[in-house]
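Under full-length UniProt numbering, the first residue of the sequence shown carries the number 1, and numbering increases by one thereafter. Glycine residues also receive a C-beta, built at the ideal position from the N, C-alpha and C atoms. None of the values given here were measured: they were computed from a predicted structure.
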Amino acid sequence: MFYETYQKCLTENEPFYITFNAPKKCQKYKGTIRKHCDLGYVQKSFDLTAYYSHIEVEKRHDSFIPDLLLTRQTNPEDSIYIEIAVTHFLSEKKENSGKRIIEIPLNSEEDVEKIYKADLQQSDALFLGFNQESEPIVDAECKCQRKKYFAFHVWDSGKSWLGLEYLADIQTKMKKYQDKILYTNIIETDLEFENSSSLMGYAHGDIFIAQLKLAVENKVPVKSCFLCKYSGDNYNYVENQPIYCKAKKMACNSNQAAECDWYRLA
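Structure below.
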C-alpha cells in the first residue's frame, strides 16, 4: 500500500509528508561543561515527493535490500529505505548502517490508514539516520546560562578554589587565567544555595573536599591543608580558618598548604 500511495502522490503531484521530532540543543557552553543544553524537541516536516521522485520495490542498494527504495532522479545515491514491519523488524546491521530509514509498523487497519493519508507523524513510524538537529538556538533560549554551577579550579601555585557561578562567568575566568589555571572541574547541581560564592575556596565543604580528592586522583599538583597529614578540625572556627595544624599548633585555611614547608599529603 505504501508503493501505490506514493506513486499516486507522484503522478497527481500531491505531497507525501513526514514529520518527526528533532532534538533542540544549545551548544553555547559545550566546550565548558562538555555537553549540550537540552531544550526539548522541535518538529520538522518534509514533503518526500519534492526530493525523491523514484520508488522501487525490494531493490538492492549497497549490501541491503529494503522493502522499498526512494531515490532522487538526479542523485540515485541519495536514498531512503522504507521498511514495512509486519512480522520482521530491522536487523542490527541495517539499523546501524547510517542509512536513512523509515520503519512503519503495520499492526492494525489504523496503521494502514496512516499510510493512505500520506502524512506520517513521529508516532506512526521510526525515523533513523535523518539530520535531526534543530534550527540555530538564540541565547535567550539557553537554559544552562540561567543556572549556577560549581566550578573547582586548581592554580599553578597549588592553591584551589570552589565557586558557585554562572557559566558565562566561569568561561570568562577560565579564558582570563588560562595560563594560571592547571585544572578545572565543573559540577552541575539541582540543589539551591543561598550563598552564591565560596569564601576562601572551602564553603560547601563536602563538595570542596571531594573535588580535592578527585584532583589528587587525577595527578593534579594541588596542595590543601585538608589533605595534609597534620590536618585537624578547628572547633573554634573563626575568620575562615576551619583547619587546625597539628604540626604548627595553629588555625589555618585550605590554601596555606601551598606555601607551607611542613605540608605532607596524608
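What are the start and end residues of the beta strand (DSSP E) that includes residue i?
i, result
"Leu39", "37 to 47"
"Val216", "Counting along the chain, Val216 falls outside any beta strand (DSSP E), though it belongs to the alpha helix (DSSP H) covering 205 to 217."
"Tyr244", "243 to 245"
"Thr71", "68 to 71"
Per the DSSP calculation, residue i is bridged to which residue(s)?
i, result
"Pro105", "Ala85"
"Phe226", "BP columns for Phe226 are empty, so no partner."
"Asn185", "Phe152"
"Val220", "None, per the DSSP bridge assignment."
"Leu126", "Glu103"
"Ser63", "Paired residue(s): none; Ser63 is not in a bridge."
"Tyr17", "Asp47, Asp119"
"Ser160", "Val154"
"Val57", "Leu68"
"Ser79", "Thr71"
Kindly indicate which three-state DSSP category residue i falls into: helix, strand or coil?
i, result
"Lys25", "strand"
"Glu165", "strand"
"Gln256", "helix"
"Tyr263", "coil"
"Asp233", "strand"
"Cys142", "coil"
"Tyr52", "coil"
"Asp119", "strand"
"Phe2", "helix"
"Leu199", "Note that Leu199 scores a pLDDT of 42, beneath 50, so its modelled location is shaky; the value from the coordinates is reported in the next line. Residue state, collapsed to three classes: helix."
"Ile170", "helix"
"Thr74", "coil"
Could you work out which residue in the options is closest to residue i when comparing CA atoms only?
i, options, result
"Leu39", "Asn107, Thr19, Lys25, Ser45", "Lys25"
"Glu110", "Ser123, Glu141, Gln43", "Ser123"
"Arg72", "Ile80, Ala140, Ile65", "Ile80"
"Ser45", "Ile18, Ile243, Glu103", "Ile18"
"Lys148", "Ile170, Ala266, Val138", "Ile170"
"Val222", "Gln43, Leu265, Leu69", "Leu265"
"Val216", "Met1, Tyr41, His153, Asp233", "His153"
"Asn255", "Lys249, Lys246, Ala247, Gln241", "Gln241"
"Phe20", "Ile101, Tyr263, Phe127", "Phe127"
"Ala85", "Asp78, Gly98, Ile102", "Ile102"
"Glu83", "Leu69, Lys213, Pro76", "Leu69"
"Ala140", "Cys37, Lys180, Gly31, Lys219", "Cys37"
"Tyr230", "Tyr29, Asn253, Leu214, Lys176", "Asn253"
"Thr184", "Glu77, Asp190, Phe150", "Phe150"
"Lys99", "Ser108, His61, Pro105, Ala118", "His61"
"Tyr41", "Lys59, Ala22, His54, Val57", "Ala22"
"Met1", "Gln43, Glu92, Pro66, Ala118", "Ala118"
Just to confirm the assignment, what range does the alpha helix (DSSP H) spanning residue i have?
i, result
"Thr32", "30 to 33"
Could you tell me if the beta carbon of residue i falls within a distance shorter than 8 Å of some heavy atom in the ligand SAH?
i, result
"Pro242", "The ligand SAH is not part of this structure, which contains no ligands at all."
Practice problem: Tell me, please, whether the region 8 to 26 touches the region 48 to 55 by the rule of three or more beta-carbon pairs shorter than 8 Å. | Solution: Flag = yes, the region 8 to 26 and the region 48 to 55 touch.
Practice problem: Kindly confirm or deny that the region 157 to 173 and the region 252 to 259 touch, where touching means at least three C-beta pairs closer than 8 Å. | Solution: Judged by Cβ distances under 8 Å, the region 157 to 173 makes contact with the region 252 to 259, as three or more pairs qualify.
Quiz item: With a cut-off of 8 Å, do at least 3 Cβ pairs link the region 136 to 152 to the region 104 to 118?
Solution: The answer is no - the region 104 to 118 does not touch the region 136 to 152, with fewer than three Cβ pairs under 8 Å.
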